[in-house]
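Since the structure comes first, as structure tokens, the remarks are kept for the end.
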Amino acid sequence: MHSLIKGFECGMNCHNFWHPLMSNTEQNEHTKMKQCPWLAFSIDRSSRVPVFEQICTAIRERSIAGELIEGTKLPPTRVFATELGVSRSTVVTAYEQLVAEGYLNSLRGSGYTVCALGEVELSGQTPNIKSSPQDDCAKVSVPFEASQPDMRLFPHRQWAKSVARVCRTNPQAMLIGGGSFGNADLRQAIAEHVSEWRGIEASPHQIIVTAGSTDALEICMRSLINKGEIIGLENPGYLPMRRFADAQDLVSVFLNLDEHGARLPDPPATPRLVVLTPSHQYPLGGAMAPNRRLEFINWAETQDAWIIEDDYDSEFRYAGRPIPAMTGFDRLNRTIYVGSFSKIFSNSLRLGYVVVPETLLDQFRKTMKLLGQKASYMPQQALAEFMASGEFYRHLRRVRRIYGERRKFLLGKLSQDFSAFGSFFDHQAGMQVVLHLTSAFSDIDICHRAFDKGVVVQPLSRFSIGNPRHNGLIIGFCACSEEEMKPALAILKTCFSKG
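Counting in the numbering used here, the sequence shown runs from 85 upward without gaps.
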């Protein structure tokens, strides 16, 4: 059912407007906007197209049709959200998406204004092509997939500019890489990134560009451990790592967690290698205590062992700056650092990296000669340009803010509606939350019921080995907006019914 949403009718026939939920400041902001055109459209709340995308579509169409001319100021986000009856973050998401596409400009203190039509990707009239139901479904993220970024926030316009600039100035770099370790400019940009964000001082020649974090972990394991040797893995921990260890005929020793993080291997087990997620443990969340980090580093030094630090989503910390990496604390002595762009930037580019200690470079070089460079050279120079221009960090700051709002919304709903079923810890970081269930519920059963109703949550017990098994739901919040989460949470709540 369509609900007609009145917009802002401004101009000579515009009347002053007052809403009981508006502050005096917001009322004044509305009154000032007498030169913006009428922005009225219908929102179909029964559609599978998210509300924020419907807002985007309406503004795009009016821009292309010439109804919104260059310099037109759009309603303030809070005022517009009140008018539409949606959350402010929904409007912010829509506006920011249009900024990324080049339809809007955003200036601090000045709000959002319409760009000249010539500045956007589309010009003139566009054919009236109706999308099929399959097209609409492709745009909608499945709630609540864990560790998934919202690709609708991808900065297409800025990325296209970086690609175009590389094609004009250095087109050969799109096809010719920088040797087995990857593009030299990207390795330089990564060195600067890990220095600034993770406290790791490394030279570009110590960095290997990989086809995502899984490829990076495989390179490390093939370089550092042989068939039949012992590897230490966190419990609960990353499932693909456990499967890869089994496939390579490694002997896995599982490191249980306590309030300080993963515990050291129990004697007499002496792993050759341990894989840790110290900045944000996967999947439970939480950071490893400084003393425990030091204990692992001392253990590795004593045992002549190595630590792989998998830092898959450390940039997503919602209180203060990211926690310094263990590798920076260790100064690349016994620790190898693995990072990824899949969670920060794009899960379709499949780019990651390894920061290797000087003492291991020859060993890793031999492995790369055997495996070859799996990461595509095509996007590497463009990503280096994107990082050097500052657009990468603008995108990171924007999605971190949006994800932070979504996280806050999810935690509020879990506290309000799910406290009878379990509890959670607020680690103020990451891309998912774990709802630890009471003994009255089985995470496997709840996940099956949710899946049958179109909601995807993961059972924590799948990531756990031995007894007692962990019992909880892993709930991702980054890939879906608040408007998408509301009905999905309502569905999830019904899955706890015994009826």
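Backbone N, C-alpha and C fix where the C-beta goes; we use that ideal spot for every residue, glycine too.
Opening and closing residue of the beta strand (DSSP E) in which residue i lies
i      : result
Gly195 : Gly195 to Val198
Gly169 : Premise fails: Gly169 is in no beta strand (DSSP E) and is neither H nor E.
Gln516 : Gln516 to Leu521
Ile292 : Ile291 to Thr294
Ile303 : That residue, Ile303, is in no beta strand (DSSP E); its alpha helix (DSSP H) goes Ser297 to Leu308.
Ile392 : Trp390 to Asp394
Leu544 : Neither: Leu544 is in no beta strand (DSSP E) and is coded neither H nor E.
Asn189 : Leu188 to Leu191
Cβ-Cβ distance between residue i and residue j below 7 Å
i      : j      : result
Asp394 : Thr361 : yes
Ala466 : Val278 : no
Tyr421 : Thr411 : yes
Arg607 : Glu469 : Missing from the structure shown is residue 607; the chain here goes from 85 to 583 and no further.
Gly506 : Thr522 : yes
Gly345 : Ala373 : yes
Asn431 : Pro233 : yes
Pro355 : Gly316 : yes
Glu442 : Arg418 : no
Ile559 : Gln516 : yes
Ser548 : Asp527 : no
Thr298 : Ala459 : no
Gly283 : Tyr402 : no
Pro543 : Cys562 : no
Thr451 : Ile274 : no
Leu339 : Glu318 : yes
His309 : Val438 : First, the amino acid is wrong: residue 309 is Ile here, not His. No, the pair does not count as a contact, with Cβ atoms beyond the cut-off.
Per-residue burial, residue i [other beta carbons within 10 Å of its own, 16 or more giving buried]
i      : result
Ser231 : buried
Gly312 : exposed
Ile391 : buried
His364 : buried
Pro571 : exposed
Thr115 : With a pLDDT of 39 at Thr115, under the threshold of 50, the modelled position of this residue cannot be trusted, and the question is left open.
Ala513 : buried
Arg405 : exposed
Pro104 : For Pro104, the pLDDT reaches just 32, beneath the cut-off of 50, and the residue's location in the model is therefore unreliable, although a value from the coordinates is still provided. Exposed.
His479 : buried
Lys537 : exposed
Ser565 : buried
Lys427 : buried
Ser307 : buried
Ala504 : exposed
Pro160 : buried
Thr177 : buried
Ile213 : Confidence at Ile213 is low in this model, with a pLDDT of 33, below 50, so the placement of that residue should be treated as unreliable; the coordinate-derived value is given next. Classification for Ile213: exposed.
Pro349 : buried
Pro217 : The predicted model places Pro217 with a pLDDT of 40, which falls under 50 and marks its position as unreliable, so this point remains unresolved.
Phe535 : exposed
Gln256 : exposed
Leu206 : Here the model assigns Leu206 a pLDDT of 35, short of 50, so the residue's position is not dependable and the matter cannot be decided.
Cys94  : In this prediction, Cys94 scores a pLDDT of 36, lower than 50, which makes its location untrustworthy; the coordinate-derived value is nonetheless stated afterwards. Flag for Cys94 reads buried.
Under the three-state DSSP convention, the category residue i falls into
i      : result
Phe338 : strand
Lys662 : Within the shown structure, residues of the chain are numbered from 85 to 583, placing residue 662 beyond reach of any answer.
Gln332 : coil
Gly560 : strand
His511 : coil
Arg68  : Nothing about residue 68 can be read from this structure; the chain reaches only from 85 to 583.
Ser147 : helix
Pro288 : helix
Val163 : helix
Val358 : strand
Gly263 : coil
Ala353 : coil
Leu182 : helix
Ala257 : helix
Ala142 : helix
Arg401 : strand
Gly550 : coil
Gly370 : coil
Within-7 Å CB hit, residue i to chain C
i      : result
Leu521 : No chain C appears in this structure, which consists of one protein chain only.
First through last residue of the alpha helix (DSSP H) which encompasses residue i
i      : result
Val247 : His240 to Thr253
Gln272 : Ala268 to Arg282
Glu318 : Unbroken run through Glu318 is the beta strand (DSSP E), Ile314 to Asn319; no alpha helix (DSSP H).
Ile528 : Asp527 to Asp536
Asn382 : Pro374 to Gln387
Leu576 : Glu566 to Thr578
Distance cut-off 6 Å: residue i Cβ against heavy atoms of the ligand ATP
i      : result
His364 : Because no ligand of any kind appears in the structure shown, any question about the ligand ATP cannot be addressed here.
Enumerated in chain order, which unbroken segments of the alpha helix (DSSP H) with a length of 4 residues or greater are wholly contained in the region 408 to 486? 410 to 414, 445 to 455 and 464 to 472
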